[in-house]
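*Asks:* Structure below; questions to follow.
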Amino acid sequence: MMQFMLLFSRQGKLRLQKWYVPLSDKEKKKITRELVQTVLARKPKMCSFLEWRDLKIVYKRLFCLTNLVIAIHHKQRNK
(Lines of atoms letter the chains of each structure in order from A and count residues from 1; the text may use other names and numbers.)
(Lines give C-alpha, C1' and ligand atoms only; values in the text may rest on other atoms or scores of the structure.)
Protein backbone atom coordinates (compact mmCIF):
# COMPACT_ATOMS: atom_id res chain seq x y z
CA MET A 1 0.00 0.00 0.00
CA MET A 2 1.30 3.42 -0.91
CA GLN A 3 2.07 5.51 2.18
CA PHE A 4 3.04 8.88 0.70
CA MET A 5 4.38 10.69 -2.35
CA LEU A 6 6.89 13.55 -2.33
CA LEU A 7 8.13 15.80 -5.11
CA PHE A 8 11.12 17.99 -4.30
CA SER A 9 13.87 19.97 -6.00
CA ARG A 10 17.58 19.15 -6.08
CA GLN A 11 18.06 21.86 -3.46
CA GLY A 12 15.74 19.94 -1.13
CA LYS A 13 12.74 22.26 -1.42
CA LEU A 14 9.48 20.34 -1.15
CA ARG A 15 7.20 21.04 -4.13
CA LEU A 16 4.36 18.58 -3.58
CA GLN A 17 3.37 16.07 -0.91
CA LYS A 18 0.52 13.61 -0.63
CA TRP A 19 0.04 11.44 2.46
CA TYR A 20 -2.18 8.36 2.39
CA VAL A 21 -1.76 7.49 6.07
CA PRO A 22 -2.55 9.71 9.07
CA LEU A 23 0.61 11.09 10.70
CA SER A 24 1.32 14.11 12.86
CA ASP A 25 2.87 17.18 11.23
CA LYS A 26 6.02 16.64 13.29
CA GLU A 27 6.40 13.07 12.01
CA LYS A 28 5.73 14.15 8.41
CA LYS A 29 8.45 16.81 8.62
CA LYS A 30 10.92 14.32 10.10
CA ILE A 31 10.21 11.71 7.41
CA THR A 32 10.43 14.32 4.65
CA ARG A 33 13.73 15.74 5.92
CA GLU A 34 15.35 12.31 6.28
CA LEU A 35 14.18 11.03 2.89
CA VAL A 36 15.17 14.17 1.01
CA GLN A 37 18.68 13.94 2.49
CA THR A 38 18.92 10.22 1.70
CA VAL A 39 17.76 10.51 -1.92
CA LEU A 40 19.84 13.61 -2.70
CA ALA A 41 22.97 11.94 -1.29
CA ARG A 42 22.66 8.97 -3.68
CA LYS A 43 24.68 9.01 -6.88
CA PRO A 44 22.80 9.12 -10.23
CA LYS A 45 24.01 5.65 -11.27
CA MET A 46 22.73 3.98 -8.09
CA CYS A 47 19.58 1.85 -8.01
CA SER A 48 16.39 3.85 -7.51
CA PHE A 49 14.90 1.36 -5.04
CA LEU A 50 15.87 1.28 -1.39
CA GLU A 51 14.58 -0.02 1.92
CA TRP A 52 14.13 2.60 4.60
CA ARG A 53 12.64 1.79 8.00
CA ASP A 54 9.84 -0.67 7.15
CA LEU A 55 9.14 0.94 3.77
CA LYS A 56 10.30 0.33 0.24
CA ILE A 57 11.24 3.64 -1.32
CA VAL A 58 11.05 4.11 -5.08
CA TYR A 59 12.36 7.35 -6.49
CA LYS A 60 12.85 8.84 -9.92
CA ARG A 61 14.88 11.84 -10.94
CA LEU A 62 12.51 13.81 -13.14
CA PHE A 63 13.84 16.35 -15.62
CA CYS A 64 17.02 17.73 -14.15
CA LEU A 65 15.51 19.69 -11.29
CA THR A 66 13.11 17.47 -9.35
CA ASN A 67 12.91 14.10 -7.63
CA LEU A 68 9.81 12.01 -7.07
CA VAL A 69 9.68 9.67 -4.07
CA ILE A 70 7.00 7.07 -3.47
CA ALA A 71 6.93 4.96 -0.30
CA ILE A 72 5.29 1.55 -0.26
CA HIS A 73 4.63 -0.39 2.93
CA HIS A 74 6.78 -3.50 2.89
CA LYS A 75 5.27 -6.69 4.35
CA GLN A 76 7.52 -9.65 5.06
CA ARG A 77 6.17 -13.03 3.99
CA ASN A 78 6.52 -15.86 6.46
CA LYS A 79 7.68 -19.08 4.81
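Mind the numbering: the sequence shown is residues 1 to 79 in the UniProt record's numbering, read in order.
C-beta: ideal position from N, C-alpha, C; glycine also.
(1) Helix, strand or coil: how does DSSP classify Gln3 here?
(2) Check whether the Cβ atoms of Gln17 and Thr38 lie closer than 8 Å to each other.
(3) Give the secondary structure of Gln17 by DSSP, where H, G and I count as helix, E and B as strand, and everything else as coil.
(4) Is the beta carbon of Ala71 sitting closer than 8 Å to the one on Leu55?
(5) Taking the alpha helix (DSSP H) that Leu40 falls in, what are its first and last residues?
(6) If you compare alpha carbons, which of Ser48, Cys47, Lys29, Phe49 is closest to Lys13?
(7) If we call anything under 8 Å between Cβ atoms a contact, is Ser9 one with Arg15?
*Replies:* Put simply:
(1) Strand at Gln3.
(2) Going by C-beta atoms, Gln17 is not nearer than 8 Å to Thr38.
(3) strand
(4) yes
(5) Leu40 -> alpha helix (DSSP H) spans 25–41.
(6) Lys29
(7) yes
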